[in-house]
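A.B. asks:
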Amino acid sequence: MKKCKEYLGFFWRICSAHVVTYMIMGILASFLLNYNERFVSGTLGLYMLPTDTPIVAFGPALQVIRGIIFTVVLWPIRNTFIEEEKGWLKLWGLFVGLAILGTAGPTPGSIEGMIYTKVSFAEHIFGLPEVIIQTLLFSVLVYYWYKRPSRVWNIVMGILFGLTVFFSTLGYFFA
């Protein structure tokens, strides 16, 4: 029973930290990097959905699925980044190395993408700030949430998580 409670707490931290940081960085990047225009023209327009597509609006709520995946994958190695000094840096390194630069498929910004796609180098670099910063925020948030646990974390993250899912779902129905 104790392990189950520990796992659910881990899931809550991982899932909510991912969903919230994903939404924050998505909103910032959308405006700062002008996704509305970039995703309908050039090479990115060939495979990215326009930002006003309903499923794109629903994307942040669907990040719960990635939160579940991250929980399952990170659970066995949690002590490496939760209990060790600079654990946030280790977690972030995993994301940058395996999920961003070292993906198995040719995604934008990855080494495989730079080798095997027709996407220009500039377009590969274009989206990296968003994912690099999002995974950094996620890693730091999870680490410090464990280092300084408090009920306030749960309340703030619960509100932000709830607002993200609510507005994302609303966006889906009104897009």
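The opening position of the sequence shown corresponds to residue 120 in our numbering, with each subsequent residue numbered one higher. We put the CB at the ideal spot given by N, CA and C, even for glycine. Keep in mind the model is a prediction, meaning the values are calculated, not measured.
Can you give me the start and stop residues for the alpha helix (DSSP H) that Gly-228 sits inside?
C.D. replies: Here residue 228 is taken as the residue at index 109 of the sequence shown, counted from 1. Per DSSP, Gly-228 belongs to no alpha helix (DSSP H) and is neither H nor E.
A.B. asks: Could you round the C-beta distance between Leu-256 and Thr-140 to whole angstroms and report it? I think they count as a contact, below 8 Å.
C.D. replies: Working through the sequence shown from its first residue, we reach residue 256 at position 137. Working through the sequence shown from its first residue, we reach residue 140 at position 21. Contact holds; Cβ gap of about 4 Å.
A.B. asks: How many angstroms separate the CA atom of Ser-229 from the CA atom of Gly-221?
C.D. replies: For the purposes of this step, residue 229 is identified with residue 110 of the sequence shown, where counting begins at 1. For the purposes of this step, residue 221 is identified with residue 102 of the sequence shown, where counting begins at 1. Taking the straight line joining both Cα atoms gives about 6 Å.
A.B. asks: Note down, in chain order, each residue of its chain lying with its Cβ closer than 8 Å to the Cβ of Pro-84, except the 5 sequence neighbours on either side.
C.D. replies: Only positions 120 to 294 of the chain appear in the structure, and residue 84 is not among them; the question remains open.
A.B. asks: Is the Cβ-Cβ distance between Phe-177 and Gly-281 less than 8 Å?
C.D. replies: Translated into positions along the sequence shown, residue 177 becomes position 58. Translated into positions along the sequence shown, residue 281 becomes position 162. Contact: no.
A.B. asks: Roughly how many whole angstroms lie between the Cα atoms of Thr-283 and Ile-274?
C.D. replies: For this step, residue 283 is matched to residue 164 along the sequence shown. For this step, residue 274 is matched to residue 155 along the sequence shown. Each residue's Cα considered, the two are about 14 Å apart.
A.B. asks: Within the same chain, show all residues whose beta-carbon is closer than 6 Å to that of Ala-180, passing over the 5 residues directly before and after it, in chain order.
C.D. replies: Stepping through the sequence shown from its first residue, residue 180 is reached at position 61. These residues qualify, in order along the chain: Val-284, Ser-287 and Thr-288.
A.B. asks: Could you give the DSSP three-state label for Ala-223: helix, strand or coil?
C.D. replies: Sequence index remark: in the sequence shown, residue 223 carries index 104 (1-based). It is coil, neither helix nor strand.
A.B. asks: Any idea if Ile-174 is buried or exposed, counting beta-carbon neighbours within 10 angstroms, 16 or more meaning buried?
C.D. replies: Residue mapping note: residue 174 aligns to position 55 of the sequence shown, counting from 1. Looking at its Cβ environment, which holds fewer than 16 other Cβ atoms inside 10 Å, Ile-174 is exposed.
A.B. asks: Anyone know if the C-beta pair for Ile-219 and Ile-251 falls short of 8 Å?
C.D. replies: Numbered from its first residue, the sequence shown carries residue 219 at position 100. Numbered from its first residue, the sequence shown carries residue 251 at position 132. Yes; because the gap between Cβ atoms is below 8 Å, this pair is in contact.
A.B. asks: Check whether the region 179-198 touches the region 151-159, taking contact to mean three or more Cβ pairs, one atom from each stretch, closer than 8 Å.
C.D. replies: Short answer: they don't touch.
A.B. asks: Return the CA-CA distance between Met-276 and Ser-135, expressed in angstroms with no decimal places.
C.D. replies: Against the sequence shown, residue 276 aligns to sequence position 157. Against the sequence shown, residue 135 aligns to sequence position 16. Taking the straight line from one Cα to the other gives about 7 Å.
A.B. asks: Are Val-138 and Gln-182 close, meaning C-beta to C-beta below 8 Å?
C.D. replies: For the purposes of this step, residue 138 is identified with residue 19 of the sequence shown, where counting begins at 1. For the purposes of this step, residue 182 is identified with residue 63 of the sequence shown, where counting begins at 1. Cβ distance < 8 Å, so Val-138 and Gln-182 count as in contact.
A.B. asks: Are any of the Cβ atoms in chain C nearer than 8 Å to that of Glu-202?
C.D. replies: Looking for chain C here will not work: only one protein chain is present.
A.B. asks: State the Cα-Cα distance for the pair Lys-122 and Phe-129, rounded to the nearest angstrom.
C.D. replies: On the sequence shown, residue 122 is found 3 positions in, with the first residue counted as 1. On the sequence shown, residue 129 is found 10 positions in, with the first residue counted as 1. Roughly 10 Å separates the two Cα atoms.
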